[in-house]
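Take a look at the structure below.
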Amino acid sequence: MTSNIPPAYNPKLTEEKWYNFWETEKLFHAEANPEKKPYCIVIPPPNVTGILHMGHALNNTIQDILIRYKRMKGFESLWMPGTDHAGIATQNVVEKELAREGKKRQNLGREKFIERVWQWKEKYGSTIITQLRKLGSSCDWDRLRFTMDEDYSRSVSEVFLRLYEKGLIYRGNYIVNWCPRCQTALSDEEAPHKDMEGLLYYIKYPFKTTDRRPQTEDYIVVATTRPETMLGDVAVAVNPKDKRYKNIHNETIILPLVGRELKIIKDAIVEPEFGTGAVKVTPAHDPNDFAMAKKHGLEPVLVMNPDGTMNKNAGEYAGMDRFEAREAIIEDLKERGLLVKIDKHPYSLGHCYRCHTIVEPYLSKQWFVSMKPLAKPAIEAVRKGRIKFYPERWTRVYLNWMENIQDWCISRQIWWGHRLPVYYCKNCVNSSLRGASVASDEAISKERLLRSQKLARNDEIGIIISRVKPEKCPDCGSADIYQDEDVLDTWFSSWLWPFATFGWPQAKKDLKYFYPTSALITAQEIIFFWVARMIMAGLEFMKTVPFRDVYIHGTVRDDTGKKMSKSLGNIIDPLDIINEFGADALRFSIISITAAGQDVFLSRQKFELGRNFANKIWNASRFIIMNLKPENVKSDLCVSYNSPDMNLADKWILSRFYQRLSEVETALESYRFNEAASVMYEFFWHEFCDWYIEFSKPSINETHTQIVLYKVLEKSLRVLHPFMPFITEEIWHSLLPLTIACPPKPWRRRDHRLSTIMSQPWPHVQKQMINKKIDGQMQVLIDCIVAVRNIRAAWNINPSVRVDIFIKAKKDAVAVLAASQVYIKNLARVEGLNISGDAKKPPKSAAAVLKDIEIYVPLERYINLGEERQRLSKKIEEICGILKGIDAKLSSRDFLKRAPKEVVEAKRQRKAELSDTLKRLEENYADLG
RNA sequence: GGGCAUUUAGCUCAGUUGGUUAGAGCGCGUGCCUCACAUGCACGAGGUCAGAGGUUCAACUCCUCUAAUGCCCACCA
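Quick note: to get the numbering used here, add 18 to the position in the first sequence (first position is 1).
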């Protein structure tokens, strides 16, 4: 079976096969197991609308590496998978689908629409889950969760209830970020600001009467970036300290175009430096103005509809889109001579994170969570180090946001999502609303809510918070009860992910075992949305942190540094890459080029790195498998290690392997994945393949060589498995029949340890085999071979030509080289090899001078003495340069006095060595005449 | 307005606690289809570590400032 291994690795023949095998054998499944320690990662649940992009590829590769590593390390390793219902995003997708049929969701009605979304979810919602499998993700699919699962939804209502009872949830009229396209409120995080090139309009607001004022003007000029909102102005504000306006008291202004009379108010919030120092006050469309109006007892005037068109308060502009109205208003103001000027004004505007529409600050009645009380313990937890961020710098970002946290608007005016567990008694609501001013009433209710838990319940008459729909109103007994129309922010369910996925609030055994989870792997964009809120929720409802470590990886960009996005057309599709290069190549490449926490710049070409490495592994394995004889490789490595047959190369590669293994572990434990990957790359390719396998060839049939080839390959595969699960599994199965006298029936379920690499233990570092002396001796041999190759290359000697060489070496080196003659002959293509303590340089030969060694290669037919002189003089120069540097140090009295003794001693020794080398080089040089 | 990150070979980037000659991949040059691998092998060229100060016996590494680029945050009418 071994001889027909193809000479190039073909991922297509292995990936699906092994993934299916792992999955059907339930090798990803984890369960509470008191005999093992838990290791758990909850996946950042991708949106059901999601399709795999490179960000996911990076994120999930990292998680899979950790999960597989810990699993092999003997942990009960659970990767909890799932998807997020992604309220607005999913609703948008389905609405688009409806639009293609010429329908709107309103035509269907809420119930039918929701049904339609569920259908869509059933059909397309697991696309990304399928794609994650192609990556090799070893998620426990039996536990797949969805944020709208029944029990998950129960957790969400439970949380709402508990927070409400604690007085941390309130309803009120406030300025929120309103997306006129999605027609819903958004949280601050959902409306990221973008810098824009805007305009600042200066508009004259005439005074009603002009007689009693000292100024000559009969108007006041205000500056605004959103002229259309002036229709909702209720006052003009100036700073009380502003001298320009100190004589203005209680004057009345006529709002242009509208004719409404406005007061001038004085408020310190107004920045005298900005614009004219006079600001129009539009409480229904600006948070500052809203606050100011409340302070001065002014009623807001809303001038827009939820869809961003002007409403009936806008008079003749009613029905126009907000930006259309802006143009019209400017035209009209111009006509009336009320437009003073228009300045360019860069500013930043919130944009809907789902549809990128400019959000409108908009007064509306929404539900909020008071965040300060939740933030407090979450700040503590990070400050005290109970949660650690990697890289550490994100700690500050997190703390800064937490310390300035704002209340969270959680109600959304969409249909797809968790309905608020809020019910209203029509009877009570109607009676309580009579005659009340909405704005002030709500403002008071917040205060009261916060003051006392008991008051909170009765605060708003007619509101019932309940897990299930109440039959009757507890106050008036009426059965005329309806549920709040709104749904909750998607993140109001995702923030429960680390425990709601385990069935909280039931105290299930898995929850106890796996919570707190071990690590969270995510991207920087999501720290506020998700990470911070999970920490708050975990502390609030579980009383402990939801995870110990947070690893923040970089953002995936194209090779010019732009974010990958569909609209930019610079997407590299992971599935394309998997198709062309293989999943292992994708995984290894992306992990190799991602320095801890730095952004990743990708291009198609970069995936060749992983593909080539996979191919290298494949071919090295192919070579070994082709040559292995099962009877040779049964013995224990530790026993064989002490056999006299074990030679320098054998011991060296083992020393290197265990050294590298410990480096990989250190790197993985500190989330330095690229380092772990490159350590293995360097080891496997350059130490194992380039040197050891080449060394092994002359003695390929000897037992010691076979054992070492096999053991190092087999262990390397295990270490590489978390990074490249497919190819390592495939090779593992080719290796199996050679090593087990009686191979098990292929992949017997009970005996995973034998049948699959992913259930193998991670290799232990055998410290006793890490041997610096062996490493040093091997270095002499390697240097020697390189030196000969060097000479051959310099004189252009065809590889088919074997040369004779003479080595003059000091005693220790003679012993090492003499024992390794076969290697020198093989790897440097040497015919006659003479090693001695006093070899004489033959005439017309090239020379190499190393520490303790000189090498002479007689080259009558090739050599040109003049060029050889040049070659040597270059080396002489190089060494002189270094010596000069060392001399400068050693002649510095301060250095000798202050530097540690070891450092001084090392310099001295180095100087002695180099001087010796230099002397011998010069002799050789002189010899050339 | 605050904050963060980046600046090292032609390109893309590593470089943990300051201490021999600063590394890799790609690209480039030369020679090789050497019986595992041309997705390969061997050898090589290429860097005053953004700039200026400072700390230190010693700075790519620590501190200050400057410049360029990118990102995040903020109630900039």
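Think of the CB as a built atom: it goes at the ideal place given N, C-alpha and C, for glycine as much as any other residue.
Check: Less than 7 Å separating the beta-carbons of Pro224 and Tyr237?
Finding: As a working note, residue 224 is residue 206 in the first sequence. As a working note, residue 237 is residue 219 in the first sequence. Against a cut-off of 7 Å, the Cβ pair of Tyr237 and Pro224 comes out as a contact.
Margin query: Contact defined as beta carbons within less than 8 Å: I believe Thr165 pairs with Ser512. What is the distance between those atoms, to the nearest angstrom?
Written below: Counting from one through the first sequence, the residue named residue 165 turns up at place 147. Counting from one through the first sequence, the residue named residue 512 turns up at place 494. About 6 Å separates the two Cβ atoms, so the contact holds.
Next item on the list: Taking Ser382 and Trp196 to be in contact with their CB atoms under 8 Å, please state how far apart those CB atoms are, rounded to whole angstroms.
Entry: Residue numbering aside, residue 382 sits at position 364 when the first sequence is read from its first letter. Residue numbering aside, residue 196 sits at position 178 when the first sequence is read from its first letter. Taking the Cβ atoms as the reference, Ser382 lies roughly 7 Å from Trp196, within the contact range of under 8 Å.
Item checked: Coil, strand or helix - Val574 by DSSP -> If you number the first sequence from 1, residue 574 lands on position 556. It is a strand residue.
Checklist line | Simplified DSSP state of Asp350, which is helix, strand or coil | finding: Locating residue 350 in the first sequence gives position 332, where the first residue counts as 1. DSSP places Asp350 in helix when its eight states are reduced to three.
Check: When we look at the beta-carbon of Lys791 and count the other beta-carbons within 10 Å, is it buried (16 or more) or exposed?
Finding: Numbered from its first residue, the first sequence carries residue 791 at position 773. Note on Lys791: under 16 other CB atoms within 10 angstroms of its CB, so exposed under the neighbour-count rule.
Margin query: Just to confirm my understanding: we take Gly855, look at its own chain, exclude 5 residues before and 5 after, and list those with CB closer than 8 Å. What are they?
Written below: Translated into positions along the first sequence, residue 855 becomes position 837. If we look at Gly855 and ignore the five residues flanking it on each side, its Cβ neighbours are Lys826, Ala827, Lys828, Lys829, Val832.
Next item on the list: Hey, could you find the ends of the alpha helix (DSSP H) Met796 is sitting in?
Entry: As a first step, residue 796 must be located in the first sequence, where it is residue number 778. 790-812 is the span of the alpha helix (DSSP H), which, as asked, contains Met796.
Check: Would you report the Cα separation of Asn942 and Leu655, rounded to the nearest angstrom?
Finding: The residue given as residue 942 occupies position 924 in the first sequence. The residue given as residue 655 occupies position 637 in the first sequence. Their backbone Cα atoms lie some 46 Å apart in a straight line.
Check: By the 10 Å Cβ neighbour count, where 16 or more other Cβ atoms means buried, how is Pro779 classified, buried or exposed?
Finding: Translated into positions along the first sequence, residue 779 becomes position 761. Counting of Cβ neighbours within 10 angstroms places Pro779 among the exposed residues, the total staying below 16.
Check: What residue does the beta strand (DSSP E) around Met214 start on, and which one ends it?
Finding: Here residue 214 is taken as the residue at index 196 of the first sequence, counted from 1. 211-224 is the span of the beta strand (DSSP E), which, as asked, contains Met214.
Note to self: Taking the straight line between their C-alpha atoms, what separation do you get for Arg262 and Glu289?
What the structure shows: On the first sequence, residue 262 is found 244 positions in, with the first residue counted as 1. On the first sequence, residue 289 is found 271 positions in, with the first residue counted as 1. Between the alpha carbons of Arg262 and Glu289 lies a gap of roughly 13 Å.
Next item on the list: Could you tell me which residues DSSP pairs with Val821 in its beta bridges?
Entry: On the first sequence, residue 821 is found 803 positions in, with the first residue counted as 1. Note: Val821 sits in a beta bridge opposite Val848.
Item checked: Enclosing beta strand (DSSP E) for Arg401 [first to last residue] -> Mapped onto the first sequence, residue 401 falls at position 383. Not the beta strand (DSSP E): Arg401 falls in the alpha helix (DSSP H), residues 390-401.
Check: Is the distance from the Cβ of Ile360 to the Cβ of Leu367 below 7 Å?
Finding: Counted from its first residue, the first sequence places residue 360 at position 342. Counted from its first residue, the first sequence places residue 367 at position 349. Not in contact: Ile360 and Leu367 (Cβ atoms no closer than 7 Å).
Notebook entry, point to check: Leaving out five residues before and five after Glu634 in sequence, what residues of the same chain have Cβ atoms less than 8 Å from its Cβ?
Noted result: The residue you call residue 634 lines up with position 616 of the first sequence. Sequence inspection shows Lys at residue 634; the Glu mentioned does not correspond to that position. So the qualifying residues of the chain are Phe702, Trp703, Cys707.
Check: Are the stretch 142-158 and the stretch 84-101 touching by the rule of at least three beta carbon pairs closer than 8 Å?
Finding: The stretch 142-158, when compared against the stretch 84-101, does touch it at the 8 Å Cβ threshold.
Checklist line | Selected residue, minimal CA-CA separation from Ile282, among Val299, Val276, Ala638, Glu291 | finding: Along the first sequence, one-based indexing puts residue 282 at 264. When only C-alpha atoms are compared, the closest one is Val299.
Note to self: Going by DSSP in three states, Leu620 sits in which element: helix, strand or coil?
What the structure shows: Indexing the first sequence from 1 puts residue 620 at position 602. In the structure shown, Leu620 sits in a strand (DSSP, three-state: E or B).
Checklist line | For Gln137 and Asn630, the rounded distance between their alpha carbons | finding: Sequence index remark: in the first sequence, residue 630 carries index 612 (1-based). Sequence index remark: in the first sequence, residue 137 carries index 119 (1-based). Spanning the two alpha carbons is a distance of roughly 43 Å.
Item checked: Contact belief for Met776 with Pro755 at Cβ below 8 Å, rounded distance in angstroms -> For this step, residue 776 is matched to residue 758 along the first sequence. For this step, residue 755 is matched to residue 737 along the first sequence. Between Met776 and Pro755, the beta carbon gap of about 19 Å keeps them out of contact (Cβ cut-off 8 Å).
Notebook entry, point to check: Taking DSSP as the reference, what is the three-state secondary structure of Trp385?
Noted result: Here residue 385 corresponds to residue number 367 of the first sequence, with the count starting at 1. Here Trp385 sits in strand by DSSP.
Next item on the list: Confirm, please, whether the CB-CB distance from Val240 to Ala296 is below 7 Å.
Entry: By one-based count along the first sequence, residue 296 stands at place 278. By one-based count along the first sequence, residue 240 stands at place 222. Contact: yes.
Notebook entry, point to check: According to DSSP, is Cys760 helix, strand or coil?
Noted result: Position 742 of the first sequence holds residue 760. Legend: pLDDT at Cys760 = 44, less than 50; position of this residue unreliable, no value from coordinates given.
Next item on the list: Write down the C-beta distance between Leu529 and Phe517 rounded to the nearest angstrom, noting that I regard them as a contact closer than 8 Å.
Entry: Within the first sequence, numbered from 1, the residue matching residue 529 stands at position 511. Within the first sequence, numbered from 1, the residue matching residue 517 stands at position 499. That pair is a contact at about 6 Å.
Notebook entry, point to check: Helix, strand or coil: which one does DSSP assign to Cys656?
Noted result: Here residue 656 refers to the residue found at position 638 of the first sequence. Correct three-state label for Cys656: helix.
Check: Which residues does DSSP pair with Leu357 in a beta bridge?
Finding: Here residue 357 is taken as the residue at index 339 of the first sequence, counted from 1. According to DSSP, Leu357 shares a beta bridge with Ile221.
Note to self: Given this structure, state the Cα-to-Cα distance separating Arg916 from Lys869, to the nearest angstrom.
What the structure shows: Numbered from its first residue, the first sequence carries residue 916 at position 898. Numbered from its first residue, the first sequence carries residue 869 at position 851. Whole-angstrom Cα-Cα distance: 29 Å.
Check: For Val174 versus His436, is the C-beta distance shorter than 7 Å?
Finding: Position 156 of the first sequence, counted from the start, is the residue given in the question as residue 174. Position 418 of the first sequence, counted from the start, is the residue given in the question as residue 436. Yes, these two residues count as a Cβ contact at 7 Å.
Next item on the list: Give me the Cα-Cα distance between Val456 and Glu133, rounded to the nearest whole angstrom.
Entry: Locating residue 456 in the first sequence gives position 438, where the first residue counts as 1. Locating residue 133 in the first sequence gives position 115, where the first residue counts as 1. Note on Val456: pLDDT 35, under 50, position unreliable in the model; no value is reported.
Checklist line | Residues sharing a beta bridge with Ser863, DSSP | finding: Residue mapping note: residue 863 aligns to position 845 of the first sequence, counting from 1. Per DSSP, Pro876.
Check: Exposed or buried, what is Tyr365 when buried is set at 16 or more other beta-carbons lying within 10 Å of its beta-carbon?
Finding: In the first sequence, counting from the first residue as 1, residue 365 sits at position 347. It is exposed - the Cβ of Tyr365 has fewer than 16 other Cβ atoms within 10 Å.
Notebook entry, point to check: How big is the Cα-Cα spacing for Lys859 and Tyr87?
Noted result: Here the question's residue 859 lines up with position 841 in the first sequence. Here the question's residue 87 lines up with position 69 in the first sequence. Rounded to whole angstroms, the gap between the alpha carbons of Lys859 and Tyr87 is 55 Å.
Notebook entry, point to check: Around the C-beta of Lys139, are 16 or more other C-beta atoms found within 10 angstroms, so that it is buried, or is it exposed?
Noted result: On the first sequence, residue 139 is found 121 positions in, with the first residue counted as 1. Label assigned to Lys139: buried.
Check: From Leu666, His739, Asn65, pick the residue whose C-alpha is nearest to that of Val726; which is it?
Finding: Within the first sequence, residue 726 is the residue found at index 708, counting from 1. Taking each of Leu666, His739, Asn65 in turn and checking the Cα distance to Val726, the smallest one comes out for Leu666.
Margin query: At the level of alpha carbons, what is the spacing between Val968 and Ile499?
Written below: This structure cannot settle anything about residue 968, because the visible part of the chain is limited to 19 through 947.
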